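Asker:
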Amino acid sequence: MQDAVTTITVTGAPGRSAGGDERWRMVARNIFPFVVVGTIWEIVAWAGVFPHRLFPTLEEVALSFVQLTIAGILPHHAIETVIRLLTGFTLAAVFGVTIGVLMGRSRRAEDIFLPLVSIGAPIPGLAYAPLFLLWFGLGNISAVLLVGFVAAFPIIFNSWTGVKAVKEIWVRSAQSMGADDRRMFRHVILPGALPYILTGLRLGLAQAWRILVAIEMLAAVPWGLGWMIFGAREFLNTDVMMAGIAVIGIIGLTLEKLVFQKIEHYTVVRWGMITA
Amino acid sequence: MTDQGQRARSLIRAAITLTAAAAVYEALARSGYFAPALLPTIPLIARALYASLADGSMLEHAAFTLYRVMFGFGLSMVVGIPLGILMARFRPVENFFLPLVSALMPIPSFALVPLFMLWFGIGNTTTVLIVFYAATFPMLFNTWSGVRSVNPLWLRAAGAMGADEQSLFWKVIIPGASPFIITGMRQAFLRAWIAVVGAEMIAASDWGLGWVIFDAKEFLNTDIMLAALVVIGAIGYLFERLVFGSLERATVQRWGMTRAAKG
Chain A
1 MQDAVTTITV
11 TGAPGRSAGG
21 DERWRMVARN
31 IFPFVVVGTI
41 WEIVAWAGVF
51 PHRLFPTLEE
61 VALSFVQLTI
71 AGILPHHAIE
81 TVIRLLTGFT
91 LAAVFGVTIG
101 VLMGRSRRAE
111 DIFLPLVSIG
121 APIPGLAYAP
131 LFLLWFGLGN
141 ISAVLLVGFV
151 AAFPIIFNSW
161 TGVKAVKEIW
171 VRSAQSMGAD
181 DRRMFRHVIL
191 PGALPYILTG
201 LRLGLAQAWR
211 ILVAIEMLAA
221 VPWGLGWMIF
231 GAREFLNTDV
241 MMAGIAVIGI
251 IGLTLEKLVF
261 QKIEHYTVVR
271 WGMITA
Chain B
1 MTDQGQRARS
11 LIRAAITLTA
21 AAAVYEALAR
31 SGYFAPALLP
41 TIPLIARALY
51 ASLADGSMLE
61 HAAFTLYRVM
71 FGFGLSMVVG
81 IPLGILMARF
91 RPVENFFLPL
101 VSALMPIPSF
111 ALVPLFMLWF
121 GIGNTTTVLI
131 VFYAATFPML
141 FNTWSGVRSV
151 NPLWLRAAGA
161 MGADEQSLFW
171 KVIIPGASPF
181 IITGMRQAFL
191 RAWIAVVGAE
201 MIAASDWGLG
211 WVIFDAKEFL
221 NTDIMLAALV
231 VIGAIGYLFE
241 RLVFGSLERA
251 TVQRWGMTRA
261 AKG
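If you're matching them up, the sequences are chains A and B in order.
Numbering of the first sequence is given in my numbering, commencing with residue 1 and proceeding in unit increments.
Numbering of the second sequence is given in my numbering, commencing with residue 1 and proceeding in unit increments.
(1) With a threshold of 8 Å on Cβ separation, who are the neighbours of A:Phe235 within its own chain once the five nearest residues in sequence on each side are excluded?
(2) Less than 8 Å separating the beta-carbons of A:Ala232 and A:Val240?
(3) Against chain B, which members of the stretch 238–253 of chain A pass a CB distance test of less than 9 Å?
(4) With DSSP as the reference, label B:Asn95 as helix, strand or coil.
(5) Give me the Cα-Cα distance between A:Arg296 and A:Ala179, rounded to the nearest whole angstrom.
(6) Which residues in chain B have a C-beta closer than 8 Å to the C-beta of A:Pro130? List them in chain order.
(7) Should A:Met177 be labelled buried (16 or more other beta-carbon atoms within 10 Å of its own) or exposed?
(8) How would you write the range of the alpha helix (DSSP H) that A:Pro51 sits in, first residue to last?
(9) Kindly indicate which residue of B:Phe120, B:Ala46, B:Leu140, B:Ser57 has the alpha-carbon position closest to the one of B:Pro82.
(10) Helix, strand or coil for B:Phe34, going by three-state DSSP, please let me know.
(11) Starting from A:Tyr266 and walking both ways along the alpha helix (DSSP H), at which residues does that stretch end?
(12) Using the beta-carbon count (16 or more within 10 Å), is A:His77 buried or exposed?
(13) For chain A, check one thing: does any of its Cβ atoms lie closer than 8 Å to the Cβ of B:Ser52?
(14) Could you check whether the Cβ of B:Phe110 sits closer than 8 Å to any Cβ belonging to chain A?
(15) Within 8 Å, do at least three Cβ pairs link the stretch 243–251 of chain B to the stretch 51–71 of chain B?
(16) Touching or not, the stretch 94–106 of chain A and the stretch 207–214 of chain A, by the rule of three or more beta carbon pairs under 8 Å?
(17) Is there contact between the stretch 86–105 of chain B and the stretch 25–36 of chain B, where contact requires at least three CB pairs shorter than 8 Å?
(18) Which chain B residues sit within Cβ distance under 8 Å of A:Asp21?
(19) Give a yes or no on whether the minimum CB-CB distance between B:Tyr237 and chain A is below 8 Å.
(20) Is there a C-beta anywhere in chain B that falls below 8 Å from the one on A:Trp135?
(21) Give the secondary structure of B:Phe219 by DSSP, where H, G and I count as helix, E and B as strand, and everything else as coil.
(22) Does any residue of chain A bring its CB to less than 8 Å from the CB of B:Trp193?
(23) Grab the span of the alpha helix (DSSP H) containing A:Thr238 for me, first residue to last.
(24) I'd like the list of long-range same chain contacts for B:Leu18, defined as Cβ closer than 8 Å, with 5 residues on each side in sequence excluded.
(25) With 8 Å as the threshold, decide whether the Cβ of B:Ile107 is near any Cβ in chain A.
(26) Taking only beta-carbon positions, decide if B:Gly123 is within less than 8 Å of chain A.
(27) How big is the Cα-Cα spacing for B:Gly121 and A:Asn30?
(28) Go through its chain and collect everything with a Cβ distance to B:Phe64's Cβ below 7 Å, but skip five positions before and after it.
(29) Apart from the five residues just before and just after B:Leu220, which ones in its own chain have a Cβ nearer than 7 Å to its Cβ?
(30) What residues from chain A crowd round B:Pro114, counting only those whose CB sits closer than 8 Å?
(31) Mind pulling the chain A residues with CB within less than 7 Å of B:Ile232?
(32) Residues in the stretch 28–55 of chain A with C-beta within 9 Å of chain B's C-beta atoms, listed in sequence order?
(33) B:Ser76 lies in the alpha helix (DSSP H); which residues open and close that run?
(34) Is there a Cβ from chain A that is less than 8 Å from the Cβ of B:Phe96?
(35) Would you mind stating whether B:Val78 and B:Val131 have Cβ atoms separated by less than 8 Å?
(36) Starting from the beta carbon of B:Glu165, find every residue of chain A whose beta carbon is closer than 9 Å, and list them in chain order.
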């Protein structure tokens, strides 16, 4: 996957040499800091300032990364984690957007939910973790439910704000043009609130991702990157831990860059709600 | 309906909602359908909260947690604000640090807990460093975008009136960027607060609110867990409303800058 991308850039570059130069300089500029940090890391690791087991060289980390990937262990962990993330996040998105939109549309729903949500939100999600573990047992159900529960708060808040922030004049002009409730909701309220809802989903996903790694460590799920890192600690496998952290970083970056920026681009920006 | 009447009605409804929720919970807890050890009644939770506050143990745990949060949060300000300003003012600094920061940011702080446990052992150092890691990024990013978004007109106006570098920095750039910096502090504290609870659970030391909750799980002391949850929520709420709210009023709003950046 990574290779394919690089090849495309390489073959694509010579066509426009001026632009290619610029691009190469960009790439070099972005890589340079990593080279510096990597070199410092290597020097420290080779110098033996810290015990070798605790501070492996980058080659060892890369090696265990490759070995674990080939053996299928790393992909298995990663897939389980991503499935858990998506399940929890879907739960949060469905309930969060529904509750948030209801709160924005109906005064009664707002009065009912707002106190509950305001009390639940300031408590850090992980503080609920032991409670969930007791109620739902160790394993998947607790992890997914906790992720969903924690991710729901930013989604609720942002959907609520978004619906309230829809311009009064749009609502009134749609009404005067004879839109019924359904059309009003589909064609005015929903698109109008969408930038906020998307922000909420984005924050919710980020929240879910942070919590998931920790809950995997606590809930003793059979597979999962958080669990892999935590388990590797027992055996002082620092290289495995660092490989796991790298995968977590890659997944986090991919979620942000590929999923949300794309969605935003295709919906909100295209409708002209915000400039790209 | 007047504004005040509106607010009174909301308050009454909020009270009704909370009472109803409490009643439902109490009914569930007393129904005997769930094990009482897992679902303690509200009076039991209140008693646990009162007892742990009265003998000072909960306060001591809270003091440990607060110490870790403040230490890590303070470190993140010491590093994040100057670095953010440097990144915004000097191109080479930005070119060097921005790729690094973007690569580290998507790694959740909890992923580093096991690694830090190996490196720094169990206890304060690990927790403080995790808090520091979690809080630095919002601090850094908000400072960076705050300094970059200072109105260039103000800079030129100050320059035309003969401001030197130093007064330009203290009188124009810092106040101009302050709404963003305060937003950054707010977000950073929120992150720090989340991180400290998690780090205390995973890197279990002997003290701290996160540890209380996790330890109570071992003995099925659900009432103590819920009492600690109340304390955690209360402290978080207090900081968010009182500390950062009044900080904002004392600086940004007094200087007449609207809250340009509310994360």
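Built from N, CA and C at the ideal position, the CB exists for glycine as well.
This structure is a prediction, so every number in the text was calculated from the model and none was measured.
Answerer: Result, derived from the coordinates:
(1) On the first sequence, position 235 is the one that residue 235 of chain A refers to. Here the set comprises nothing.
(2) Against the first sequence, residue 232 of chain A aligns to sequence position 232. Against the first sequence, residue 240 of chain A aligns to sequence position 240. Closer than 8 Å, so yes.
(3) Listed in sequence order: Thr238, Met241, Met242, Gly244, Ile245, Ala246, Ile248, Gly249, Ile250, Ile251, Gly252, Leu253.
(4) Here residue 95 of chain B corresponds to residue number 95 of the second sequence, with the count starting at 1. If DSSP states are grouped into helix, strand and coil, B:Asn95 belongs with the helices.
(5) Past the edges of chain A, shown from 1 to 276, lies residue 296 of chain A, and the structure says nothing about it.
(6) Sequence index remark: in the first sequence, residue 130 of chain A carries index 130 (1-based). Chain-order list of chain B residues neighbouring A:Pro130: Met201, Ile213, Phe214, Ala216, Lys217, Met225, by C-beta distance under 8 Å.
(7) Numbered from its first residue, the first sequence carries residue 177 of chain A at position 177. Burial call: exposed.
(8) In the first sequence, counting from the first residue as 1, residue 51 of chain A sits at position 51. Run containing A:Pro51: none; DSSP gives neither H nor E here.
(9) Sequence index remark: in the second sequence, residue 82 of chain B carries index 82 (1-based). For the residues B:Phe120, B:Ala46, B:Leu140, B:Ser57, the minimum Cα distance to B:Pro82 belongs to B:Leu140.
(10) As a working note, residue 34 of chain B is residue 34 in the second sequence. Note: B:Phe34 maps to coil in three-state DSSP.
(11) Within the first sequence, the letter at position 266 stands for residue 266 of chain A. That residue, A:Tyr266, is in no alpha helix (DSSP H); it is neither H nor E in DSSP.
(12) For the purposes of this step, residue 77 of chain A is identified with residue 77 of the first sequence, where counting begins at 1. Answer is buried; the Cβ neighbour count reaches 16.
(13) To locate residue 52 of chain B, count along the second sequence from 1; it is residue 52. Answer no: the Cβ-Cβ gap between B:Ser52 and chain A never drops below 8 Å.
(14) Counting from 1 along the second sequence, the entry for residue 110 of chain B is found at position 110. Output row for B:Phe110: interface = yes.
(15) Remark: fewer than three beta-carbon pairs, one from each stretch, lie closer than 8 Å, so the stretch 51–71 of chain B and the stretch 243–251 of chain B are not flagged as touching.
(16) Short answer: they don't touch.
(17) Cβ pair count under 8 Å is below three, so no.
(18) Position 21 of the first sequence, counted from the start, is the residue given in the question as residue 21 of chain A. Result: empty, since nearest Cβ-Cβ is about 17 Å, beyond 8 Å.
(19) Translated into the one-based positions of the second sequence, residue 237 of chain B becomes position 237. At least one chain A Cβ lies under 8 Å of B:Tyr237.
(20) Mapped onto the first sequence, residue 135 of chain A falls at position 135. For A:Trp135, the nearest CB of chain B lies under 8 Å from its own CB, placing it at the interface with that chain.
(21) By 1-based counting over the second sequence, the position of residue 219 of chain B is 219. DSSP places B:Phe219 outside both helix and strand once states are collapsed to three, so it counts as coil.
(22) As a first step, residue 193 of chain B is located in the second sequence; it is residue number 193 there, counting from the start. For B:Trp193, the closest Cβ of chain A is nearer than 8 Å.
(23) In the first sequence, residue 238 of chain A corresponds to position 238, counting from 1. Boundaries of the alpha helix (DSSP H) harbouring A:Thr238: 238–254, taken from the DSSP string.
(24) Position 18 of the second sequence, counting from 1, holds the residue named residue 18 of chain B. Result list for B:Leu18: empty, nothing under 8 Å.
(25) Sequence index remark: in the second sequence, residue 107 of chain B carries index 107 (1-based). Under the Cβ distance rule, B:Ile107 counts among the residues neighbouring chain A, one pair being separated by less than 8 Å.
(26) As a first step, residue 123 of chain B is located in the second sequence; it is residue number 123 there, counting from the start. Output row for B:Gly123: interface = no.
(27) Here residue 121 of chain B is taken as the residue at index 121 of the second sequence, counted from 1. Here residue 30 of chain A is taken as the residue at index 30 of the first sequence, counted from 1. Each residue's Cα considered, the two are about 34 Å apart.
(28) One-based indexing of the second sequence puts residue 64 of chain B at position 64. Answer for B:Phe64: Trp207, Gly208, listed in chain order.
(29) As a working mapping, residue 220 of chain B is identified with position 220 in the second sequence. Ala37, listed in sequence order.
(30) Your numbering for residue 114 of chain B matches position 114 in the second sequence. Around B:Pro114, the beta-carbon contacts reaching into chain A at under 8 Å are Met217, Ile229, Phe230, Ala232, Arg233, Met241.
(31) Counted from its first residue, the second sequence places residue 232 of chain B at position 232. Within chain A, the residues Ile123, Pro124, Ala127 have their CB atoms less than 7 Å from the CB of B:Ile232, given in chain order.
(32) Against chain B - using a Cβ distance shorter than 9 Å - the residues of the stretch 28–55 of chain A are Arg29, Asn30, Ile31, Phe32, Pro33, Phe34, Val36, Val37, Phe50, Arg53, Leu54, Phe55.
(33) Stepping through the second sequence from its first residue, residue 76 of chain B is reached at position 76. Here the alpha helix (DSSP H) through B:Ser76 covers 57–89.
(34) Translated into positions along the second sequence, residue 96 of chain B becomes position 96. Using a Cβ-Cβ cut-off of 8 Å, B:Phe96 counts as an interface residue toward chain A, since at least one Cβ of chain A sits closer than that to its own.
(35) Counting from 1 along the second sequence, the entry for residue 78 of chain B is found at position 78. Counting from 1 along the second sequence, the entry for residue 131 of chain B is found at position 131. The Cβ atoms of B:Val78 and B:Val131 do not sit closer than 8 Å to each other.
(36) Residue numbering aside, residue 165 of chain B sits at position 165 when the second sequence is read from its first letter. Correct list: empty, because the minimum Cβ distance to chain A is about 27 Å.
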